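This report concerns only the one structure given below.
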Amino acid sequence: MKTNPGRFFEDYRLGETIRHATPRTVTAGDVALYTALYGPRFAVQSSDAFAQAIGYPRSPLDDLLTFHVVFGKTVPDISLNAVANLGYAEGGFRRPVYPGETLSTVSEVIGLKESSNRQTGVVYVRSVGSDAAGETVLSYCRWVLVRKRDPQAAIAEEHVPSLAKVVDPQDLAGALPRLDASAYDLDLAGSPHRFGDYQRGERIDHVDGMTVEEAEHQIATRLFQNTAKVHFDNHAAKDTRFGRRLIYGGHVISLARALSFNGLANAFALAGINAGRHVAPLFSGDTVYAWSEVLDTADVGRDDVGLLRLRTVATKNQPCGAHPDRQGEGYDPAVILDLDYWAFMPK
Amino acid sequence: MKTNPGRFFEDYRLGETIRHATPRTVTAGDVALYTALYGPRFAVQSSDAFAQAIGYPRSPLDDLLTFHVVFGKTVPDISLNAVANLGYAEGGFRRPVYPGETLSTVSEVIGLKESSNRQTGVVYVRSVGSDAAGETVLSYCRWVLVRKRDPQAAIAEEHVPSLAKVVDPQDLAGALPRLDASAYDLDLAGSPHRFGDYQRGERIDHVDGMTVEEAEHQIATRLFQNTAKVHFDNHAAKDTRFGRRLIYGGHVISLARALSFNGLANAFALAGINAGRHVAPLFSGDTVYAWSEVLDTADVGRDDVGLLRLRTVATKNQPCGAHPDRQGEGYDPAVILDLDYWAFMPK
Amino acid sequence: MKTNPGRFFEDYRLGETIRHATPRTVTAGDVALYTALYGPRFAVQSSDAFAQAIGYPRSPLDDLLTFHVVFGKTVPDISLNAVANLGYAEGGFRRPVYPGETLSTVSEVIGLKESSNRQTGVVYVRSVGSDAAGETVLSYCRWVLVRKRDPQAAIAEEHVPSLAKVVDPQDLAGALPRLDASAYDLDLAGSPHRFGDYQRGERIDHVDGMTVEEAEHQIATRLFQNTAKVHFDNHAAKDTRFGRRLIYGGHVISLARALSFNGLANAFALAGINAGRHVAPLFSGDTVYAWSEVLDTADVGRDDVGLLRLRTVATKNQPCGAHPDRQGEGYDPAVILDLDYWAFMPK
């Protein structure tokens, strides 16, 4: 067999390391497409002049573009036969990434847990995105429910890893260069609100909505070289329970992040991902809205920036003025994403 | 409130200056997307080698890409609560813009006129797009009909500005570097017709048609960081009188300009915008056609280029062999755009 | 007439040379769009670091991006009034092309053959894509069925050229720089299979499927500055026998090539095109699948790479596990493309 059928649950071994294909040089072309697909307006990532004024050598990539490129490489080895993408934890953006850099990804299998019905199992991986010199730019854990080829196959060693509920903000503090917060122009950035203006418990409706088209999510998902066929093959999708293509969960994350500009314009860089859950699928024609809650604020000993712990909830076809949220054991039926992360904001 | 609800008519003050977010570094990625979204074929903007042969340092951006980027920034402050974009005047492209430059926009409120029913008012702004050094690259006036938050609110000072019906071509003459018209290769440019071959009153049907898809105009409008929700939120649009998303008027301008290549291939750079009107809305699935009339020709004392004053009319779902035009007080029902502008053409 | 109505069959002269508009500088922006539109994952074209490790100065363009740009220029002069694109032969990629290079195209009319009903005729051209210095980067022959303006018009001279059935692989051997095959990292490339692992007669189902949207093929076809109206004008298409827009045949070639990664990940560069036929049209909403057959292997005296002669067959709405193929005089009704080409693979 010269083609990749994808791995099944019994093909993974605890502790094994997988070097993923295909390394990818990110460019100004990717940045333009990212802007066109999601509409982010964070000034640091949009303007070299703005970025340079506060101490960057030039505009860095949107952190989620880095995330998607690093993530995309893992799909052929990790989630081609996945039933569901269950969660994220311990995500850390180690430094800004710039156009011209080459990213590649290695994953370590850090957990395996067979389902009680023996049809599937949960694979836990820690994926590390590196630059051409091998230095880490991003690492995160995710766990996915993967089919077994043979329900009877035995699993050599099982283990459920203990993952932090929240990334320690001190561990994220060094991810940005030293910045000149006094040169951060609030008019050009689009909001007068700095780190000190946000309070724990504050809720912000991001107001705007964005309708998603098939062409858009396909273009995005291919840009990230994410090959999961559920996003691309409508002929095969007709026979699934949804009857149509599923939109890559990361597409929702990027839409929610871009929408969050309206209320969080100065949360200009992601620092860490504490937890993330794709609560329900998104389909073409649906309109995405989002709201955020300030879960915490962290002063990490820098006089230029602080960290906000944010929880951004995205919905489909329901504006977020009422902050649709968890309900009992589950969620308001409109909720599709619940993401808990740290972001930098100027002081 | 940390989110931007948009300004209402009574929030504007005559003479006030608004510095818009978000500065934007334009790149080769934006150029590629612009090509892919509209299909322009003007050789100067397409080929560094062609541009250099006639005296440019490299290919400049399509002038309308510059226009859309400069325009997009004004939307959150000027037209978020606009009912209609009424017109343009006194537009001038001051110099070519190149990939790598950073653009930002400042608008001055030059006119305010409340409607007689006091529900709305017309806001006139002069928007100036500048480079990182603060030098103007483009300025234009536009006026929009904006809702009042409170119909009873008083307006401090009203004024209807007097705007030129036509930009003086002498004021535009210096917008291009000195070019070597003898090195302008007509085969590569796609047409044998130079400045002297066009006559006032001449009408040209641009023949080709272009059907627009939702994904295309959304991708374009986000690329320009234009945030007007009528272009993106189909869930909200269902309850409007159109029942669907409206396409950004600038999308029509760019389509018409790209179509105009067939007949005006050597009108390679825009110089000024005299007047512009979005006569009717365009929707996804519609096909855009265009025709142009030569309103005037201007020899501005350069031996390399002259200026054509062109009026380009775009229609939807109706080819333009019969030059559909004004009818009585209004327009042929197929007309969607009436744009009057100056363009450079080699002698 | 200042607009281009396209040439008709009687407008061509045997031996004439046509310099096509519009030269085009290809950039990292075009590369990003190509990735986003087709999803290729070949490591050499994706990663500067990977390319440099084996001896390239940086990542070259995907060869099909070069092909489409070179091809696009010929459309206004060759195929605007074409009824059908009949075939390709004698295609040779002469060297890698890099972002920043400017491509232009010249075609020579090498054959003319009027149809027996005198309504149409076949035009054979050899199109040569060159860099800014005039050096050839790609040449290929194609022949198209073109309408006559006047069925009675006489044809000065007819000739059916004799075209090679297969390009001699020795003539293609020099198209790549000398590479260090030992530095070719099979993990990062995505497959352990080198040149020696493929056998004549081997058949590979590429498994994955890709559904095509109107916005996608229009964005791609405009990127290539291909102006054939059948791809863009749905208003006019309603009155054709298909009743809708046709997708550019080159779009299918690129999709099939990208799908072929799954099974041919190390066939990283195209060398030549022996033959190609668009067997049936593709429409928006259709899903493309592909399979390949190894027609031949050629050792061309290089110790770094060999050449595989591949035949890639694409289908619509039918997976290729059963290798749908020719049937009697024609083809399995699902087949849309039959492409015979040479590709380099590391030893």
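Protein chains in written order, with full-length UniProt numbering: chain A, 1 to 347; chain B, 1 to 347; chain C, 1 to 347. C-beta atoms are modelled at their ideal positions from N, C-alpha and C, and glycine is treated no differently. Please read these numbers as outputs of a predicted model, since none were measured by experiment.
- Scanning chain A for C-beta atoms nearer than 8 Å to the C-beta of Thr-287 of chain C yields Asp-233, Asn-234, His-235, Ala-236, reported in chain order.
- The C-alpha of Asp-77 of chain B lies about 32 Å from the C-alpha of Arg-309 of chain B.
- Among the CB atoms of chain C, one or more fall inside 7 Å of the CB of Asp-208 of chain B.
- When the beta-carbon positions are compared, Asp-304 of chain A and Ala-181 of chain A come within less than 7 Å of each other.
- Assignment of beta-bridge partners to Ser-107 of chain B by DSSP yields B:Ile-18, B:Ser-127.
- By the rule that beta-carbons nearer than 7 Å mark a contact, Val-305 of chain A does not touch chain B.
- With respect to chain B, the C-beta atom of Ser-260 of chain A has no partner C-beta closer than 7 Å.
- Within the region 2-34 of chain A, Thr-27, Ala-28, Gly-29, Asp-30, Val-31, Ala-32, Leu-33 place their CB atoms closer than 8 Å to a CB of chain B, listed in sequence order.
- Under the DSSP definition of a beta bridge, Leu-310 of chain C partners with C:Val-294, C:Tyr-341.
- The C-alpha of Gly-29 of chain A lies about 12 Å from the C-alpha of Leu-65 of chain A.
- With a cutoff of 7 Å on beta-carbon distance, Val-122 of chain C and Ser-139 of chain C are scored as not near each other.
- In the displayed model, Ile-155 of chain A falls within coil according to three-state DSSP, outside both helix and strand.
- Short of 6 Å from the beta carbon of Phe-268 of chain B, and not among the five residues preceding or following it, lie these beta carbons of its own chain, in chain order: Phe-42, Val-44.
- Boundaries of the alpha helix (DSSP H) harbouring Asp-48 of chain A: 48-54, taken from the DSSP string.
- Three or more Cβ pairs drawn from the region 286-295 of chain A and the region 313-323 of chain A lie within less than 8 Å of each other, which places the two stretches in contact.
- When the Cα atoms are used, Gly-306 of chain B and Val-70 of chain A turn out to be separated by approximately 52 Å.
- Per the DSSP secondary-structure output, Met-210 of chain C pairs in a beta bridge with C:Val-288.
- DSSP places Tyr-38 of chain C in the helix class (H, G or I) of the three-state scheme.
- The beta-carbon of Gln-225 of chain C is placed less than 7 Å from the nearest beta-carbon of chain B.
- Annotation: the continuous beta strand (DSSP E) that includes Ile-273 of chain C extends over 269-278.
- Relative to the Cα of Ala-53 of chain B, the nearest Cα in the group B:Asp-332, B:Arg-277, B:Phe-224, B:Leu-188 belongs to B:Leu-188.
- At least 7 Å separates the beta-carbon of Ala-49 of chain C from that of Arg-58 of chain C.
- Secondary structure of Phe-93 of chain C (DSSP, three-state): strand.
- Against chain B, the beta carbon of Arg-41 of chain A has neighbours under 8 Å at Ala-21, Thr-22, Gln-225, Thr-227, listed in chain order.
- In the DSSP assignment, Lys-316 of chain B is bridged to B:Val-288.
- Taking C-beta atoms under 8 Å as the contact rule, Thr-211 of chain A and Asn-234 of chain B qualify, at a distance of about 4 Å.
- Look at Ala-215 of chain B: its C-beta is under 7 Å from a C-beta on chain A.
- Residues of the same chain with a CB within less than 8 Å of the CB of Asn-4 of chain A, apart from the 5 flanking positions on each side, are Pro-76, Leu-80 in chain order.
- Annotation: the continuous alpha helix (DSSP H) that includes Ile-78 of chain A extends over 75-78.
- Within the model, the alpha-carbon separation for Glu-101 of chain A versus Pro-177 of chain A is close to 17 Å.
- Within its own chain, no residue has a Cβ closer than 6 Å to the Cβ of Ala-236 of chain B once the five positions on either side in sequence are excluded.
- Here Thr-240 of chain A carries a coil assignment [DSSP, helix/strand/coil].
- Along the region 129-144 of chain A, the positions whose C-beta sits under 8 Å from a C-beta of chain C are Ala-132, read in chain order.
- Between Leu-163 of chain C and Cys-141 of chain C, the C-beta spacing is below 7 Å.
- Judged by their CB atoms, Phe-344 of chain C and Ala-271 of chain C are nearer to each other than the 7 Å cut-off.
- Under the Cβ distance rule, Gly-190 of chain A counts among the residues neighbouring chain B, one pair being separated by less than 7 Å.
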